[in-house]
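In the numbering used here, the protein residues as written are 15 to 437.
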Ligand SMILES: [Zn+2]
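Structure follows, in structure tokens:
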């Protein structure tokens, strides 16, 4: 396997990655371009201000109560989006959230915190746990993803609300693939599309595909209600647009998290079994199981994403990144896998059998005794030729942004990380 000489990404990185003649990946190159002094962020932010002003004006003319929608989970990005939109651009957003039913106590506190601190209204759609269970079981078998409904929900329900309330602007935070893998560069000014949502975030599945699938035994139209995309006519008559703030700001989530902790009291995880990063996906109870699945499929997981981001931000060396991958990513069976298996009523063998066909054969090999063996990992590539030429110098040492645990009226147990909260 080939690995980027600057970060830790392997060449089988999903959805796609390219390496240049120096052995540096497209994600690192896009990142470098974004950090270059030639990018005029002030000009971009002025452009954003003009754009937002036109929507404010339109809302005023229409006597509309809200200027825009911010789709939120309550996480650090949601806090940062709300900060920019309410404090810097003085807009009146409507928050829209999708409750996937797999919540953590700290995630619930952060969501409540947002509604309180920003003084914005929230519409939240809650999927019931029985439906969540059916969809997780189905998608685990199909694509090895237990969180399809998270993505389908947050990428579709806000658009249903935009159409229903006639709000023509949605404001998203970062465009994930553009930043991680360099799928788009800054000049593309990529906006939200139904196609990107379906292909990358919903793994190719619209709800209609699930209903038409003969292998689907129990998922109904009602189960899929928040995932149906409005018609082209509905979208067109509203002139609906979805913009990404990462097209207008350098986007450093470490810096954003520091700010939202200090200014708004955002809370991080206390501990995370499968990652050093305590501020991503704080609301997601089954994140550890989700990370584990990614590793079992592709031979690398979310720690590779997180370490690579910090290497590009010049806070970790590649060697430190590799140490973190070794510590957190490799064959750590997450504790909450047991809770997940109990919830979806599945044995561990069934769970593993379900994803057997999804193992990437360029990363894994089946031994004669039936066990899977990882063929290679970035730790075997510490001294590859060209590493020193590709290396970035450390600007600021990485440190954990862990916040003190807050007391909560709804949850005060010591082991709250092990409590699954539906509502
Ligand atoms: Zn790279």
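Quick reminder that beta carbons are idealized off the backbone N, C-alpha and C, glycines included. If you're wondering where the values come from, they're calculated on a predicted model, not measured in any experiment.
| Asked | Found |
| --- | --- |
| Assigned secondary structure, residue 187 (DSSP; H/G/I helix, E/B strand, else coil) | coil |
| Continuous alpha helix (DSSP H) assignments of at least 4 residues falling wholly in the stretch 334–395 | 351–358, 362–368 |
| Whole-angstrom distance between residue 19 and residue 97, CA atom to CA atom | 36 Å |
| Inter-residue spacing [alpha-carbon to alpha-carbon] between residue 1 and residue 15 | Shown here, the chain extends from 15 to 437; a query on residue 1 therefore has no answer. |
| Residue range of the beta strand (DSSP E) that includes residue 53 | Segment: none, residue 53 is in no beta strand (DSSP E) and carries neither H nor E. |
| Residues that residue 108 bridges to, as DSSP identifies them | 83 |
| Bounding residues of the alpha helix (DSSP H) (the contiguous stretch that carries residue 278) | 267–278 |
| Beta-carbon proximity check, residue 242 vs residue 221, cutoff 8 Å | yes |
| For residue 164 and residue 289, the rounded distance between their alpha carbons | 20 Å |
| Own chain, CB closer than 6 Å to residue 324, minus 5 neighbours either side, in chain order | 330, 412 |
| Supposed close pair residue 173, residue 82 - CB separation, criterion 8 Å | Actually they are not in contact, since the Cβ atoms of residue 173 and residue 82 sit about 13 Å apart, beyond 8 Å. |
| Proximity below 8 Å, CB of residue 366 to CB of residue 311 | no |
| Range covered by the beta strand (DSSP E) that runs through residue 256 | 255–258 |
| beta-carbon residue 23 near ligand 1 non-hydrogen atom, thresh 7 Å | yes |
| Collapsed DSSP secondary structure at residue 117 in the structure displayed | strand |
| Own chain, CB closer than 6 Å to residue 390, minus 5 neighbours either side, in chain order | 15 |
| Residues that DSSP places opposite residue 137 in a beta bridge | 110 |
| Alpha-carbon spacing of residue 187 relative to residue 237, whole angstroms | 28 Å |
| Where residue 102 falls, given that 16 or more other Cβ within 10 Å makes a residue buried | exposed |
| CB contact flag (residue 318, residue 343, <8 Å) | yes |
| Nearest residue (CA-CA) to residue 347, options 356, 29, 306, 162 | 306 |
| Nearest candidate by alpha-carbon position, reference residue 227, set 392, 155, 214 | 155 |
| Cβ-heavy atom distance, residue 190 to ligand 1, below 7 Å | no |
| Continuous alpha helix (DSSP H) stretch holding residue 167: start and end | 162–179 |
| At least three beta-carbon pairs within less than 8 Å, the stretch 50–61 to the stretch 210–221 | no |
| Neighbourhood of residue 328 by C-beta, 8 Å cutoff - its chain only, sequence neighbours within 5 removed | 406, 407, 408, 409, 410 |
| Contacts around residue 339, its chain only, beta-carbon distance under 8 Å, and the 5 residues preceding and following it disregarded | 22, 314, 317, 318, 321, 391, 392, 393 |
| Local conformation of residue 42 per DSSP, three classes | helix |
| Ligand 1 heavy atom lying under 7 Å from the CB of residue 322 | yes |
| Member of 92, 119, 147, 114 whose CA lies at the smallest distance from the CA of residue 134 | 92 |
| Contacts around residue 265, its chain only, beta-carbon distance under 6 Å, and the 5 residues preceding and following it disregarded | 188 |
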